[in-house]
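For reference, the structure discussed in these notes is given below.
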Amino acid sequence: MSRFVTKEQAAQTPAVRVAGVDKAFGKRAKAVSALTGIDLEIGAGEFVALIGPSGCGKSTLMRLIADLDQPTAGTVEVYGKPARQARLDQEYGIAFQQAGLLPWRTVVQNIALPLEIHGVSYAERAERAEALATLVGLSDFRDRYPDQLSGGMQQRVAIARALAERPRLLLMDEPFGALDEMTRERMQTELARIAVESRAAVVFVTHSIPEAVFLSDRVVVMSPRPGRITHIVDVPLGTARPELLRESPEFFAKVTEVREALHGAPVERAPER
Amino acid sequence: MRRALPWVYGIIGIALGIVLWELYKLLGPTDGVVIGAVEGERNSGLRILPRTTDRAMPHVWTMFERLFGPTSGGDTAPLWQAVAAASITTLGIAAAGFAIGVAVGIVLAVIMQRWRVAEWGILPWVIVSQTVPLIAFAPVVNSIGIQIDRSGTPWPQWLSVALVASYLAFFPVAIGALKGLGSPDRAHAELMRTYAAGYWTTLRKLRFPAAVPYLLPAIRLAAANAVIGAVVAEVSIGMPGGIGRMIIQLGGQGSSDPAIPWGPIVGAVGLGLVAAGAVAFFGWTMRNYRRGEATA
């Protein structure tokens with residue numbers, strides 16, 4: 011399987027196609043519906059955020075795409091392959107809310123873990139891990155162990171590890187959820203840059219509205235009981251996402267739009283003074 | 065200075081033991097302390113503190129001097145040489161038993177971790193195995209061994225001793241490794257799944273490294289158990305040449321040569337120290353796998 015596809019092919023084959031997906035946990039009478047009637051297509055290179063309150067199934071949807079869970083009904087495809095095949099072919103890289111680094115491995119060893127598992131040669135591994143450490147700004151910390159890093163640094167290592175196989179799809183489940191606000195905004199800016207540089211499609215689960223708007227091309231708004239997609243908000247704010255964007259009126263307008271979509275009704279404005 | 069402190073405390077502890085021994089020998093009643101003795105009746109009552117005679121309690125320096133005296137009078141080699149030779153014999157057997165025990169323990173743990181049913185089936189037997197009295201068990205192992213191989217090379221006695229040592233050593237390893245192999249977070253296991261890593265890869269890259277902090281204390285216990293097992297089995301089977309047999313043999317000479325039984329005891333203590341030191345060194349080489357573990 012070649013990783014290189016022509017522009018036409020890339021345009022034709024979406025990164026993710028979810029069609030008619032239901033997901034229920036438990037058996038028969040006791041089954042609890044987590045997702046119903048999910049249809050979603052994510053283009054190659056597109057950045058899509060999944061947002062919604064707890065229990066709306068946004069993480070479950072990401073897990074279905076990652077083939078960590080299987081849908082009860084419907085199909086999930088990644089670059090035209092069934093989710094399972096895509097997982098076996100390493101079509102995606104993944105990062106979770108907890109960095110999940112192996113504590114006995116240094117920064118570069120953690121980044122190189124997927125390469126090591128897939129039998130990439132030592133020299134190539136070292137080179138790639140070094141480049142990725144630089145990409146996430148940790149080249150000075152390459153031989154440190156996770157317990158010697160801050161939470162933000164650990165998360166950067168996790169992102170670098172997710173990028174190790176040069177995946178065409180990046181799955182991220184609230185990767186900045188455990189970070190403080192300042193670190194979080196810096197990481198968002200970096201992720202926006204990395205996403206552009208790697209040209210990978212990104213599925214980004216979050217419950218922060220500004221984070222979703224700042225990062226994505228589209229925001230998928232979900233609602234619970236049963237988990238479903240209620241709105242899809244386009245965010246045409248350009249490919250590059252500079253820090254200044256956070257203070258622009260277009261940004262605020264989009265934040266308001268997503269918030270209204272989340273609440274299902276226009277939010278009452280504070281009385282103007 | 066910080067690093068030297070444990071050594072200082074260790075030496076103080078040993079010195080305190082020696083001082084206590086000599087102090088009691090100096091101040092205690094010659095005939096020891098006996099309670100409930102009946103007048104005129106020999107050996108009645110209960111002696112709760114020993115006699116302080118040179119025969120019952122030789123001076124520490126006498127024990128030390130005796131190590132450099134001849135083993136059995138005349139021109140025989142000094143006692144310390146005999147003790148050292150016996151200690152090395154037992155150490156080798158204990159090491160063999162330790163190796164077998166660790167291997168069996170880890171294999172059992174891997175099987176139990178892999179299949180729940182295996183855990184239910186094996187774990188109770190692993191626990192029951194440790195309630196078998198060793199002294200009774202050792203000669204049985206030896207007689208079974210002899211029956212296995214009669215036509216070819218004879219079953220060596222030391223192998224029986226090593227097997228008994230391994231029987232004590234495998235237990236903590238099986239329990240510790242089982243706990244350690246199951247210790248990785250669900251998130252880590254799922255990460256390996258996203259890498260499409262198979263069972264053996266996950267075992268090698270995730271489960272074994274994660275088990276190290278659980279394995280080290282287990283291995284420390286296993287090493288101590290292997291030494292005890294070897295010493296007891298030597299005595300029980302009656303294998304000559306090791307330190308266990310020597311303790312019994314020289315113990316019998318204590319009435320005429322009170323300092324001599326202490327020689328092999330010093331040897332046995334040295335054996336334990338070597339075993340513990342080897343495990344500590346192994347733990348030091350594994351220090352990167354113990355990150356996040358509280359330094360104890």
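Chains as they are written, first to last, in the working numbering: chain V, 11 to 283; chain X, 65 to 360. Glycine is no exception: its CB is placed at the ideal position from the N, C-alpha and C atoms.
Annotation: X/Gly293 to X/Ile152 spans about 15 Å, alpha carbon to alpha carbon. Counting only runs of 3 or more residues that sit fully inside the region 145-220 of chain V, the beta strand (DSSP E) segments are 179-183, 211-216, in chain order. A straight-line Cα-Cα distance of about 19 Å links X/Pro142 and X/Pro122. The bridge partners DSSP lists for V/Lys33 are V/Leu45. For the 8 Å CB-CB criterion, V/His217 and V/Ile75 do not form a contact.
Distance check between V/Arg97 and each of V/Glu140, V/Ala83, V/Arg73 places V/Arg73 closest, using alpha-carbon atoms only. About 4 Å separates the beta carbon of X/Trp219 from that of X/Gly209, a gap short enough to meet the 8 Å contact definition. A straight-line Cα-Cα distance of about 51 Å links X/Gly109 and X/Leu172. Taking the C-beta atoms as reference points, V/Ala59 is found no nearer than 8 Å to V/Ser208. Exposed is the label assigned to X/Ile78, since fewer than 16 other Cβ atoms lie within 10 Å of its Cβ. At a cut-off of 8 Å between C-beta atoms, V/Ile121 does not count as an interface residue with respect to chain X. In the three-state DSSP reduction, V/Val28 falls in the strand class (E or B).
Taking every protein chain shown into account, the CB of X/Glu129 has fewer than 16 other CB atoms within 10 angstroms, so this residue is exposed.
Between the beta-carbon of X/Gly161 and that of X/Ala226 there is about 4 Å, and that keeps the pair under the 8 Å contact cut.
Under the three-state reduction of DSSP, X/Pro134 is assigned to strand. By the beta-carbon neighbour count (other beta carbons within 10 angstroms, threshold 16), X/Gly308 is buried.
Annotation: V/His241 to V/Ser233 spans about 9 Å, alpha carbon to alpha carbon.
Look at the region 104-132 of chain V: the residues with a C-beta under 8 Å from a C-beta of chain X are Ile104, Phe106, Gln108, Gly110, Leu112, Pro113, Trp114, Leu123, Pro124, Glu126, Ile127, His128.
Residues of chain X whose Cβ lies closer than 8 Å to the Cβ of V/Leu189 do not exist; the shortest such Cβ separation is about 17 Å. Below 8 Å, too few C-beta pairs join the region 251-266 of chain X and the region 181-199 of chain X to call them touching: fewer than three. Sequence-distant Cβ neighbours of X/Gly334 in its own chain, meaning closer than 7 Å and more than five residues away, are Ser151. As the crow flies, the alpha-carbon of X/Gly100 is around 16 Å from that of X/Pro93.
In terms of Cα proximity to V/Pro156, the closest of V/Ala250, V/Asn120, V/Arg138, V/Ala139 is V/Asn120. Between the C-alpha atoms of X/Asp95 and X/Asp321 there is a straight-line separation of about 19 Å. As far as DSSP is concerned, V/Pro236 takes part in no beta bridge. Linking X/Thr140 to X/Trp125 through their CA atoms gives a straight-line distance of about 21 Å.
Bridge partners of V/Phe57 according to DSSP: V/Val212. The C-beta distance from X/Gly318 to X/Pro328 rounds to 11 Å, too long to meet the 8 Å contact threshold. Here V/His241 carries a strand assignment [DSSP, helix/strand/coil].
Among the residues of the region 151-164 of chain V, those with a Cβ less than 8 Å away from any Cβ of chain X are Tyr155, Pro156, Asp157, in the order of the chain. In chain V, no part has a C-beta under 9 Å from the C-beta of X/Thr135; the shortest such distance is about 49 Å. Within the region 289-317 of chain X, the complete alpha helix (DSSP H) segments of 4 residues or longer fall at 307-315, listed in chain order.
For the options V/Arg135, V/Ala41, V/Ser69, V/Thr116, the alpha carbon positioned closest to that of V/Leu125 is the one of V/Arg135.
X/Ala241 has a beta carbon lying at 8 Å or more from every beta carbon in chain V.
Annotation for X/Arg111: the continuous beta strand (DSSP E) segment containing it runs 110-113. When secondary structure is reduced to three states using DSSP, X/Pro142 falls in the strand class.
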